[in-house]
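Read the structure below first, then the notes.
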């Protein structure tokens with residue numbers, strides 16, 4: 001299971017944290033690190049803090065943005081301290097471990113995404129993730145160090161033993177399939193004048209949450225895209241008027 | 245409970261680790277730090293890593309040896325990576341949390357003792373502790389950073405005290421709301437020619453599964469019905485032709 005779990009750091013700012021993250025991952029038996037831009041991972045600080053996990057630092061993959069870093073992953077989990085205004089499934093670390101234990105495989109990769117030390121993940125980055133997760137902390141001081149957050153999730157993942165078989169695993173659509181669906185939805189809804197001109201992103205976030213929660217498989221994404229294509233066709237004569 | 249749990253560091257060697265330990269403790273709602281000798285706790289590194297937990301650094305008590313640091317404690321737990329030659333109760337972090345939850349009080353203080361970064365606790369120091377505890381790690385690389393070890397135990401202690409909170413309970417849309425949505429969807433898709441004439445029910449069953457799985461609430465049903473109304477409007481000029 002563990003080779004199919006990606007730890008993704010988005011724009012880490014401290015080389016020491018990258019090194020500590022590698023060490024924490026290796027302590028708990030994880031090995032796949034992906035980094036979106038961020039500081040130099042071969043800084044002397046990161047090497048120092050990686051200690052015996054330098055191999056993870058060397059084998060890490062670098063990406064230009066989060067979408068490409070998780071494109072081949074199915075179970076995408078963004079970590080956050082914000083318990084948004086919107087209803088959203090916020091998982092605890094043991095729940096993430098349970099989800100990954102049940103479903104992660106070579107065909108269904110998991111990605112656990114961590115944001116910047118100072119500002120976490122942006123709303124847009126969080127909206128790329130199917131699930132959100134948070135670590136329960138003291139109300140007085142909820143700001144965890146980045147590598148400490150990674151450790152806690154890796155610790156819970158380490159507790160989770162190998163899959164015990166049972167029901168047929170879901171074959172969820174991958175992140176890039178979902179993004180193609182959302183781009184199509186955005187385009188269609190724009191054409192028919194459904195997206196609020198003041199705040200189109202707001203409505204799209206609501207719709208993303210709905211379709212993420214639906215746990216679509218590839219076939220269903222195809223069905224929905226077929227539906228959108230038919231809507232495009234049926235409304236091709238539409239001139240963009242508002243309903244009165 | 246938490247004010248009666250002491251975190252004890254024996255001869256910490258890195259000021260940064262003392263600072264990170266303070267931060268990890270405060271993140272998880274613990275406040276009582278005791279230090280047996282060790283490096284300068286007011287080094288610039290420790291202040292830097294303590295961030296907003298500087299108050300714990302300042303209120304820490306310093307002792308000349310472990311015996312005096314835990315003299316007033318009843319439930320003493322020494323952490324170790326060595327699964328000793330001698331029969332000993334080795335607890336996991338959740339077991340320590342359970343023990344403390346059941347028994348810690350103002351009259352029965354708990355102490356969780358961590359050794360030096362390089363050599364841990366000596367056999368003599370371990371023998372001062374009633375229980376021993378260890379963190380399960382990968383066999384390949386079992387050496388955890390000191391502050392990471394403290395964090396994991398504090399995290400389990402935090403779980404034991406605060407309810408692991410999640411989101412608000414789901415308020416799912418009622419059955420009649422869902423059926424109104426499906427009737428609208430059926431009507432719209434019929435009008436734009438998306439439903440297969442041979443077997444319209446088949447496609448509707450697929451779509452019902454998708455929207456049921458999404459666990460919609462009432463607000464979201466309203467959003468989706470608004471979308472359907474706009475599709476109806478945008479395609480009102482449509483004459484039912486098939487796409488060629």
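Protein chains in written order, with my numbering: chain V, 1 to 244; chain D, 245 to 488. Note that beta-carbon positions come from the ideal geometry of N, C-alpha and C, so glycine has one too.
Is it the case that the Cβ atoms of residue i and residue j are separated by a distance below 7 Å?
i, j, result
"residue 300 of chain D", "residue 269 of chain D", "yes"
"residue 348 of chain D", "residue 265 of chain D", "no"
"residue 439 of chain D", "residue 447 of chain D", "yes"
"residue 377 of chain D", "residue 343 of chain D", "no"
"residue 282 of chain D", "residue 325 of chain D", "no"
"residue 221 of chain D", "residue 230 of chain V", "Beyond the ends of chain D as shown, which are 245 and 488, falls residue 221 of chain D; an answer cannot be given."
"residue 4 of chain V", "residue 101 of chain V", "no"
"residue 125 of chain V", "residue 66 of chain V", "yes"
"residue 236 of chain V", "residue 478 of chain D", "no"
"residue 60 of chain V", "residue 23 of chain V", "no"
"residue 465 of chain D", "residue 206 of chain V", "no"
Could you name the residues of the same chain whose beta carbon sits closer than 6 Å to that of residue i, not counting the 5 residues immediately before and after it, in chain order?
i, result
"residue 8 of chain V", "34, 69, 111 and 113"
"residue 359 of chain D", "254 and 365"
"residue 130 of chain V", "76 and 212"
"residue 42 of chain V", "none"
Judging by CA-CA distance, which residue of the options is the nearest neighbour of residue i?
i, options, result
"residue 296 of chain D", "V/171, V/144 and V/177", "V/144"
"residue 246 of chain D", "D/401, D/286 and D/256", "D/401"
"residue 95 of chain V", "V/61, V/199 and V/159", "V/159"
"residue 123 of chain V", "V/210, V/36 and V/79", "V/79"
"residue 317 of chain D", "D/286, D/302 and D/372", "D/372"
"residue 274 of chain D", "V/226, V/139, V/219 and V/208", "V/139"
"residue 280 of chain D", "D/452, D/381, D/306 and D/441", "D/306"
"residue 137 of chain V", "V/201, V/171 and V/93", "V/93"
Is residue i near the ligand NAD, with its Cβ less than 6 Å from a heavy atom?
i, result
"residue 176 of chain V", "With respect to the ligand NAD, the structure shown offers nothing to examine, as it has no ligands at all."
Please check the pair residue i and residue j, which I expect to be a contact at CB under 8 Å, by giving their CB distance rounded to whole angstroms.
i, j, result
"residue 398 of chain D", "residue 250 of chain D", "Residue 398 of chain D to residue 250 of chain D, Cβ: 12 Å. No contact."
"residue 135 of chain V", "residue 146 of chain V", "At roughly 12 Å, the Cβ-Cβ gap does not stay under 8 Å, so residue 135 of chain V and residue 146 of chain V are not in contact."
"residue 71 of chain V", "residue 458 of chain D", "About 23 Å separates the two Cβ atoms, so there is no contact after all."
"residue 148 of chain V", "residue 392 of chain D", "7 Å"
"residue 197 of chain V", "residue 107 of chain V", "Not confirmed; about 41 Å, so no contact."
For residue i, which residues from the same chain have a beta carbon less than 7 Å from its beta carbon, with the 5 sequence-adjacent residues on both sides left out?
i, result
"residue 162 of chain V", "Residue confidence for residue 162 of chain V is low, a pLDDT of 36 falling below 50, so the modelled location carries little weight; the figure read from the coordinates is stated next. Result list for residue 162 of chain V: 1, in chain order."
"residue 228 of chain V", "184, 185 and 188"
"residue 58 of chain V", "none"
"residue 284 of chain D", "259"
"residue 462 of chain D", "417 and 421"
"residue 201 of chain V", "none"
"residue 199 of chain V", "none"
Apart from the five residues just before and just after residue i, which ones in its own chain have a Cβ nearer than 8 Å to its Cβ?
i, result
"residue 168 of chain V", "The predicted model places residue 168 of chain V with a pLDDT of 38, which falls under 50 and marks its position as unreliable; any figure quoted below should be read in that light. Here the set comprises nothing."
"residue 118 of chain V", "13"
"residue 225 of chain V", "180, 181 and 184"
"residue 64 of chain V", "36 and 37"
"residue 54 of chain V", "22 and 47"
**OP:** Give a yes or no on contact between the stretch 12 to 21 of chain V and the stretch 43 to 52 of chain V, applying the rule of three or more CB pairs nearer than 8 Å.
**Re:** yes
Original post:
So does the stretch 419 to 427 of chain D actually touch the stretch 180 to 192 of chain V, counting three or more Cβ pairs closer than 8 Å?
Top reply: no
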